[in-house]
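Protein chains: 4
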Amino acid sequence: MILFILKERKDYSTLKEKLQGSSASYKFLNLYGKNLLLAWPDSEAEKISDESVEIAVKTKRPYVLASNEWKKEPTRVKVKDVEVGGEKVVVAAGPCAVESEEQVLTVAKAVKRAGASLLRGGAYKPRTSPYSFQGLGEEGVKILRRAGDEVGLPIVTEIMDTKDSEVFKKYVDMVQIGARNAQNFSLLKEVASIGKPVLLKRGLANTVEEWLQAAEYLLYGGNGDVVLCERGIRTFEKATRFTLDVGGMVAAKTMTHLPMCADPSHPAGKRELVHSLALASVAAGVDMLLIEVHPNPEKALSDSEQQLTPESFEVLMNRIKALASALGRSA
Amino acid sequence: MILFILKERKDYSTLKEKLQGSSASYKFLNLYGKNLLLAWPDSEAEKISDESVEIAVKTKRPYVLASNEWKKEPTRVKVKDVEVGGEKVVVAAGPCAVESEEQVLTVAKAVKRAGASLLRGGAYKPRTSPYSFQGLGEEGVKILRRAGDEVGLPIVTEIMDTKDSEVFKKYVDMVQIGARNAQNFSLLKEVASIGKPVLLKRGLANTVEEWLQAAEYLLYGGNGDVVLCERGIRTFEKATRFTLDVGGMVAAKTMTHLPMCADPSHPAGKRELVHSLALASVAAGVDMLLIEVHPNPEKALSDSEQQLTPESFEVLMNRIKALASALGRSA
Amino acid sequence: MILFILKERKDYSTLKEKLQGSSASYKFLNLYGKNLLLAWPDSEAEKISDESVEIAVKTKRPYVLASNEWKKEPTRVKVKDVEVGGEKVVVAAGPCAVESEEQVLTVAKAVKRAGASLLRGGAYKPRTSPYSFQGLGEEGVKILRRAGDEVGLPIVTEIMDTKDSEVFKKYVDMVQIGARNAQNFSLLKEVASIGKPVLLKRGLANTVEEWLQAAEYLLYGGNGDVVLCERGIRTFEKATRFTLDVGGMVAAKTMTHLPMCADPSHPAGKRELVHSLALASVAAGVDMLLIEVHPNPEKALSDSEQQLTPESFEVLMNRIKALASALGRSA
Amino acid sequence: MILFILKERKDYSTLKEKLQGSSASYKFLNLYGKNLLLAWPDSEAEKISDESVEIAVKTKRPYVLASNEWKKEPTRVKVKDVEVGGEKVVVAAGPCAVESEEQVLTVAKAVKRAGASLLRGGAYKPRTSPYSFQGLGEEGVKILRRAGDEVGLPIVTEIMDTKDSEVFKKYVDMVQIGARNAQNFSLLKEVASIGKPVLLKRGLANTVEEWLQAAEYLLYGGNGDVVLCERGIRTFEKATRFTLDVGGMVAAKTMTHLPMCADPSHPAGKRELVHSLALASVAAGVDMLLIEVHPNPEKALSDSEQQLTPESFEVLMNRIKALASALGRSA
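Structural data, given as structure tokens:
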């Protein structure tokens, strides 16, 4: 695989001719304001360079666009007016599942007041059991949209089915791909085409490399606004629900230009562990946190044991701010 | 959760009235020739039984329909005239990916001759990298259909997207759900409605319990023709591509009435390990094997290292037959 | 299992009589200044209480002495004049292996200057391969002792064999039990009797519960001066050498009164990841860090890729201090 | 690392001179009737060959003596008159723990009658909890010895401490190294010197490669009579106690000349799964099985849920014999 960064305002017709004359696979795309050409395999791609090429980056990694080999500066993803990947540690908070207009609005106000920058909430819910609450679907998305608008927070929510992309185009600010769909390649291709920023969770059994390859599907589909989200991998340990792979986040940051988010709620599984995992993630260098907050966690229709109360979330926000400040950032 | 097995040709109107008067969630469905009623939570469900109920099965397991608590006899799944779950160990064989009409037909003839009962081949391919061969899609399905028809073998192939269900309804005999989509609940719901037998692979990081819950989605959707397929889980060991969980297959057999398939090709990752894993699976009691065979493995567009040659497959079939015979089965 | 906390200066003769008359297993021991009696099974133990008992703690956990059910206040472990488990985050630093007098002394001076409180270094080395450098043994311990004395730092080093306990009694301030020996129960029993503080690493495949049970062997052997050390567990992820289980550390802290140490060097496997893992551990609440520092990492006889230079360690110490301060601690 | 297979009855003095003149590390040893010389690193070792060298084997694997690169024919290990690694699948059976003279003798007679070739039983017991039965120690070894002698079966039992090697030299026919001590390198070195055949279990978190490196410690110590034993690795799955890594056994067989044993009892964790795992192991090609049998499993002092009754063991032996026969072996 060779990535050619092309000079601007050039005529690429010679390049195209060469490509058509070769047996290389190739793709032109524009990402982060750059005209790019991908071509492979190397043996064929090596032949096609001409003067319209500024830099040619040959990689041995199984991902290219998501790699920091060609793009050294960290990518900043804008979700409306919120920037992920900059100096500020951005916090998205809200309920695991959208249950009602009132529930969401109560939480939205509380997390906004405490300093969250984004409102999260699940409308389409991937549940292990068919007998669990499956979410409110499109109606849930609309509830979230209204709450976000009322308190002034962009919204992030999960997509589960390629059939629902119109709903996400219409109502959602940031599209989440969940851990169970982290290698649902049809969904990745569809979401690339929605044209909204994406929060891409790592699959429970995905290596960092596979996670970056999933991101590559999005970038290859023309969408560079991708935030990676570590939410715990599956290991033998059962004292926590999942194992938050802090080392994996840190390693990924050395491999990619994309911003990193941590979800401390799912690996914790228990409320009392969420604070420490959130703080550890910030100290490890994440750009964003995704935290479950519910007005009355005991009564929640899902994940009742790991959602924070608004009061506890406020305490956590203050601790995050102090920590970020000691690290030369804000929150 | 209580499962009520209802008497036949009875009037269920009292039952329905009681249900509507309660706050229980419930569902009527017909599976394996039985009229069933599921109701939950227990506290509500306990109140509704009447004389139209033959047996009430209360379970603490997170799956009910897939459980052998109510259905002791093993389920036999018919894929056209091939029965999975009976005395015979059924073998599905064919290429990892459908590459061309000629390739598939060559393999189809070879595996038929060696004793395979089903033809497998991937048309929609879930690939870790966007730069890998993504499969021929609908065209691939049609090629597989024609080859199956020509040699007289039912076909099994993987679905990746809810949007493709019409193609599968029209052309496919057994619908495979792959490991990466093992908890793609939208897809599970859609596939339940296709009305074809399903080969449900276990996810790389799924517990046996979660795998049975995925099957529960299919049964709950009205489709009882489900074969479970173990294909290796993800562990720390890298001497094999995945870790074939023979114990998990054996444990699952003590929990469910559904038949069990093993895929020895993916966990092996290398041709020379496939035979032993296939034989171990048969000795462990599986009802079906799914084996990758390619006319020229070195030139395969995917999984080239683990596909058997037709010659090696024939040797394996003979070993399987000898082994099955020693175990009181056939193959 | 019942733990009886006994009143002081009481006559326990009635208690002993009752115990001898019962079929209970039991043990008297003194830990943290308390007279304790352990008795099991519950059915027998319940009968023996008398007025010399202050509190009886019945537990369902598989460890008792290490549990915070009976001892709420965190334990502080004194290694000479260094206190682990108090307000200060204590840092032990030094080379992976003791290679020479000069090497150790150079590092010892550097880490002391940068703010380390303890000197670490391996003399008996558990190496995966018999062809790797096996350590200098007793001679290495003496070198470490001399260096520690010269710069004024207590020393911590690993024991591998019950036969070597005299060496550790004589020269060592804190005895480390390594990950490979985390369930070497003969060694745990022997080390309990040495009478020195212990740094107990978690085994690569040990659950938090098993780790606390290993600590229980030490406490049951009469040694309450135990610091738990997380050093990464084995998972499928290979982007890091091991997976630092931050959640496991946090969960353990909710289960035990013993102080917690993190070793960021081994899970990192690569120098450039060590800082972030160290900071994450401090933010997660550890009381101690164990960090590999070598005067010339490239030339190290073991773990050359993960040891910090003295310069990098100094930068890290400054970052740790800033972070600890933001968390209301010191370092 | 280069392994030199030396010509017999030759003068190696030139070779020794060259070695002393070089900076190579080296070791002469005799294994399987061959005079061998190991020398490393390659750059130095390459210089020293002379006419007394028959073959020089250069390897990139991290183990040499255990590798099948230099020794193609499978090693047969003799435990008294029982051969492991030949045509016959050898079964070692007996209780998890030696509890009493009567218990062991009852089992010994039963397993002998059913066709076992070796008597197993634990005297030194590695227990996760200090409150569990710790075994009868030396007294237990003697009980096992007497029972073995009475029924005419060689005995295999586990060593836990380097201090106990005299007991094993005196009484034991095959020395077992348990999973928790699989990387207890002091113990491996000590056991190499006992001069008895060794049954080396794989550690719960050890890769196949690390397992072979542990075997390398034994061979390097001059003991070539090593049988590898897979007993289940630790994974996320909890439906079984451990995950029997059948693929790992099969992969190891392609890497080493040493015979392979499977322990189906520990991964099963439940009696009803043991048969299937034993049969799967035989089909996968193991040379030996290690099976727990107790006269009254419910009353066993350890592992009560996974030990077979003598009756069930007899049934299993008959199934193993039928299967071995179908595979061209005996049992």
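Residue numbers (the UniProt record's numbering), protein chains in the order written: chain W, 1 to 331; chain E, 1 to 331; chain A, 1 to 331; chain G, 1 to 331. C-beta atoms are modelled at their ideal positions from N, C-alpha and C, and glycine is treated no differently.
Item: Check each candidate in W:K163, W:D164, W:G140 and name the one with the smallest Cα separation from I155 (chain W).; Value: W:G140
Item: So what does DSSP say about K88 (chain G), is it helix, strand or coil?; Value: strand
Item: Grab me the residues of N270 (chain E)'s own chain with a C-beta within less than 7 Å of its C-beta, minus the 5 sequence neighbours each way, in chain order.; Value: Correcting the residue identity first, residue 270 (chain E) is Lys in this sequence and not Asn. Correct list, in chain order: E305, Q306.
Item: Under 8 Å Cβ-Cβ, which residues of chain W neighbour M160 (chain E)?; Value: N184, F185, S186
Item: With a threshold of 6 Å on Cβ separation, who are the neighbours of P95 (chain W) within its own chain once the five nearest residues in sequence on each side are excluded?; Value: V107, G121, H294
Item: Considering only residues of the region 257 to 283 of chain G, which uninterrupted beta strand (DSSP E) runs meet the minimum length of 3 residues and lie entirely inside it, listed in chain order?; Value: 260 to 262
Item: Compare the beta carbon distance of L159 (chain A) and F168 (chain A) with 7 Å and say whether it is the shorter of the two.; Value: The sequence shown places Ile at residue 159 (chain A), not Leu. Yes; because the gap between Cβ atoms is below 7 Å, this pair is in contact.
Item: When the Cα atoms are used, what is the spatial distance from L6 (chain G) to L37 (chain G)?; Value: 7 Å
Item: Cα-Cα, which of W:T207, W:Y124, W:V98 is closest to S186 (chain E)?; Value: W:Y124
Item: Would you grab the beta carbon distance between F133 (chain A) and L301 (chain A) for me? Rounded to a whole angstrom, and I think it's under 8 Å.; Value: 4 Å
Item: What is the DSSP secondary structure of Q306 (chain E), counted as helix, strand or coil?; Value: coil
Item: Between the C-alpha atoms of T105 (chain W) and E73 (chain W), what's the straight-line distance to the nearest angstrom?; Value: Position check: residue 105 (chain W) holds Leu in this sequence, whereas Thr was assumed. Distance between the alpha carbons of L105 (chain W) and E73 (chain W): 37 Å.
Item: If distances are taken between C-alpha atoms only, which option among G:D50, G:V77, G:L31, G:V172 comes closest to P259 (chain G)?; Value: G:V77
Item: Could you tell me which of A:V98, A:R319, A:V227 sits nearest to R146 (chain A), measuring between CA atoms?; Value: A:V98
Item: In chain order, which continuous runs of the beta strand (DSSP E) of length 3 or greater are located wholly inside the region 180 to 215 of chain G?; Value: 198 to 201
Item: At the level of alpha carbons, what is the spacing between P111 (chain E) and P310 (chain E)?; Value: Pro is not the amino acid found at residue 111 (chain E); the sequence shown has Val there. So the two alpha carbons sit approximately 7 Å from each other.
Item: Out of curiosity, what's the CA-to-CA distance linking R127 (chain G) and V191 (chain A)?; Value: 17 Å
Item: Does G152 (chain E) pass the burial test, meaning 16 or more other C-beta atoms within 10 Å, or should it be called exposed?; Value: exposed
Item: Between the alpha carbons of K80 (chain E) and E272 (chain E), how many angstroms are there, rounded?; Value: 32 Å
Item: What residues in the region 186 to 219 of chain E bring their beta carbon closer than 7 Å to a beta carbon of chain W?; Value: S186, L204, A205, E210, Q213, E216, Y217
Item: Work out the CA separation of A268 (chain E) and F236 (chain E) for me, nearest whole Å.; Value: 15 Å
Item: Go through its chain and collect everything with a Cβ distance to V172 (chain W)'s Cβ below 7 Å, but skip five positions before and after it.; Value: V141, I155, T157, K196
Item: What residue does the alpha helix (DSSP H) around K47 (chain A) start on, and which one ends it?; Value: No alpha helix (DSSP H) contains K47 (chain A), which DSSP labels as neither H nor E.
Item: Any beta carbon from chain E within less than 7 Å of R234 (chain W)'s own beta carbon?; Value: yes
Item: In or out: S117 (chain E) buried (at least 16 other Cβ within 10 Å) or exposed?; Value: buried
Item: Taking a Cβ distance cut-off of 7 Å, strictly less, list which residues of the region 68 to 90 of chain A are near chain W, in chain order.; Value: none
Item: Using a Cβ-Cβ distance under 7 Å, would L279 (chain E) count as near chain G?; Value: yes
Item: What residues match up with A97 (chain W) in a beta bridge as DSSP calls it?; Value: W:G122
Item: Counting only the same chain and skipping the five closest in sequence on each side, list residues whose C-beta sits under 7 Å from that of A324 (chain E).; Value: V89, V282, S330, A331
Item: Report yes if the CB atom of L188 (chain W) is closer than 7 Å to the CB atom of Y217 (chain W), and no otherwise.; Value: yes
Item: Where does A39 (chain G) sit, in a helix, a strand or coil, going by DSSP?; Value: strand
Item: Any C-beta of chain E sitting closer than 7 Å to the C-beta of R180 (chain W)?; Value: yes
Item: Can you give the Cα-Cα distance for E44 (chain G) and E138 (chain A), rounded to whole angstroms?; Value: 29 Å
Item: Between which two residues does the beta strand (DSSP E) carrying Q176 (chain E) extend?; Value: 174 to 177
Item: Is the CB of S276 (chain W) under 7 Å away from at least one CB in chain A?; Value: yes
Item: Nearest-angstrom Cα distance between A239 (chain E) and G203 (chain G)?; Value: 15 Å
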